[in-house]
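Residue numbers (our numbering): 75 to 397. Shown next, in structure tokens, is the structure this report addresses.
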Amino acid sequence: MNIDQLYLARSQLTPYFYERTCPNLLNIVRYEVEKAFFKEIRMAASLLRLHFHDCFVNGCDGSILLDVSDGEKVSFSNLNSVRGFEVVDDIKRAVEYECSGVVSCADILAIAARDSVVITGGPTWNVLLGRRDGFVSSKAAANISIPSAFDSLYNIIAKFKKVGLDVTDVVSLSGSHTIGLARCAAFNNRLFNFEQTGRPDSSMDEHMLFQLQLLCPNVSSYSADLDSKIGNFTTPLDRDSPIGFPTNDFDNHYFQNLLNRKALLSSDQVLLNSYETKRLIQDYSISTDRFFDDFAKSMVKMGNISPPPGSRGQIRKNCRRVN
75 MNIDQLYLAR SQLTPYFYER TCPNLLNIVR YEVEKAFFKE IRMAASLLRL HFHDCFVNGC
135 DGSILLDVSD GEKVSFSNLN SVRGFEVVDD IKRAVEYECS GVVSCADILA IAARDSVVIT
195 GGPTWNVLLG RRDGFVSSKA AANISIPSAF DSLYNIIAKF KKVGLDVTDV VSLSGSHTIG
255 LARCAAFNNR LFNFEQTGRP DSSMDEHMLF QLQLLCPNVS SYSADLDSKI GNFTTPLDRD
315 SPIGFPTNDF DNHYFQNLLN RKALLSSDQV LLNSYETKRL IQDYSISTDR FFDDFAKSMV
375 KMGNISPPPG SRGQIRKNCR RVN
């Protein structure tokens, strides 16, 4: 039975999809993720984000990995921001050596995201497998679909709803910001805010605001080269650690930060703007178990976002280009 026949026979995602064709798959991916993490702890958050940004654009089809001139990599939310592509290349090479032409790049992203959460102390879940790799990567589609650091709560919820995710998924998946770094370009608008009131964001903790103003250049207005001016300045999304040092503990501290006016991104801060989302934040800030349980369920739901009907896809030999 070839891979296309196998796919047709087992079209529903299942944890056992590669049980016969690549039985050592999970061990291979976990080893490569661990190797990358111990080389750079920030990589766990980067791999998790890759899966997230992939799934929101035409489903979980590995399209974010494609090297095309007008693809998802150069979209507003991804340019100079998403990373980890070399690690995915390493994983793919190791998988291809063991079982060539069998495992999709989209499935590799899904497994690597789970392993990245586990290695930083977060929950685990059974990764459902059997995805195919897409043929198209679109900058325009990414600009429309991926939630932005500058979106309103209404727009964030709408983008989640469009792919079948609800308000609980919005808040629980936002909890992934308990690990990783953000660039000044993603929150500079909260520090100086020249284009609106001319004052910093009053919803941010004053001490945190002062620290961030020292870190990030005072850029008075957005310009085409803003990213290049402040692209090298990053800080932890979770205020668990001192400025300039990444946090690598997947916990519920992010939600405690929100309640203490220590949200870094405006898209985090706006989660407090509705009763439903604030109630979930309060629950997660008290109960790590509740957060972990909901996060794992939301990751499975997000991983089930499918490409458009009729896009059967392929198993790419190289994640950066179609066969």
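The C-beta atom is built at its ideal place from N, Cα and C for all residues, glycine as well.
Should residue i be labelled buried (16 or more other beta-carbon atoms within 10 Å of its own) or exposed?
i      : result
Ala110 : buried
His281 : exposed
Thr88  : exposed
Leu99  : buried
Asn200 : exposed
Phe333 : Here residue 333 is Leu; the residue named in the question, Phe, does not match the sequence. The residue is exposed, with fewer than 16 neighbouring Cβ atoms inside 10 Å.
Glu93  : exposed
Arg395 : exposed
Ile360 : exposed
Pro310 : buried
Phe91  : buried
Phe16  : This structure leaves residue 16 out entirely; the chain is present only between 75 and 397.
Ser277 : exposed
Asn292 : exposed
Return helix, strand or coil for residue i, following the three-state DSSP convention.
i      : result
Asp225 : coil
Leu100 : helix
Arg313 : coil
Leu255 : strand
Asp243 : helix
Leu203 : strand
Tyr296 : Residue placement at Tyr296 cannot be trusted, given a pLDDT of 48 that sits under 50; the coordinates are not used to answer.
Asp189 : helix
Quick one: measure Cβ to Cβ for residue i and residue j, integer angstroms, because I've assumed they're closer than 8 Å.
i      : j      : result
Asp141 : Pro381 : Incorrect: roughly 19 Å between the Cβ atoms, too far for contact.
Leu227 : Asn331 : About 17 Å; that fails the 8 Å criterion.
Ile389 : Val176 : 7 Å
Phe224 : Cys258 : Between Cys258 and Phe224 the Cβ distance is about 14 Å, and since that is not below 8 Å, they are no contact.
Glu106 : Ile165 : 4 Å
Leu265 : Ser372 : Not confirmed; about 30 Å, so no contact.
Ala186 : Val103 : 6 Å
Arg116 : Val156 : Wrong, their Cβ atoms sit about 13 Å apart, outside the cutoff.
Thr252 : Asp325 : 6 Å
Ala232 : Leu339 : Wrong, their Cβ atoms sit about 18 Å apart, outside the cutoff.
Phe369 : Gly249 : 6 Å
Measuring straight from C-alpha to C-alpha, what distance separates residue i and residue j?
i      : j      : result
Gly387 : Leu286 : 44 Å
Asn263 : Pro274 : 8 Å
Asn392 : Ala256 : 29 Å
Gly158 : Arg335 : 30 Å
Ser341 : Lys213 : 21 Å
Tyr203 : Leu288 : Note that residue 203 is Leu in the sequence shown here, rather than Tyr. Spanning the two alpha carbons is a distance of roughly 45 Å.
Tyr171 : Gly133 : 27 Å
Glu146 : Cys129 : 12 Å
Val162 : Asp207 : 14 Å
Ser219 : Leu139 : 16 Å
Cys290 : Arg313 : 16 Å
Gln86  : Asn378 : 10 Å
Ile47  : Met376 : Only positions 75 to 397 of the chain appear in the structure, and residue 47 is not among them; the question remains open.
His327 : Ser120 : 19 Å
Ser174 : Tyr349 : 50 Å
Phe126 : Leu183 : 9 Å
Phe234 : Val241 : 8 Å
Asn397 : Phe209 : 9 Å
Val398 : Phe284 : Look at the range of the chain in this structure, 75 to 397, and you will see that residue 398 is not part of it.
Arg353 : Phe329 : 11 Å
Ala216 : Ala118 : 22 Å
Is the closest heavy atom of the ligand ATP to the C-beta of residue i under 7 Å?
i      : result
Asp189 : As presented, the structure is devoid of all ligands, the ligand ATP included, so that no description of it is given.
What are the complete alpha helix (DSSP H) segments, minimum 4 residues, inside the region 127 to 176?
159 to 172
Could you tell me which uninterrupted alpha helix (DSSP H) segments, each at least 4 residues in length, are contained entirely in the region 322 to 394, listed from first to last along the chain?
327 to 333, 340 to 343, 349 to 360 and 362 to 377
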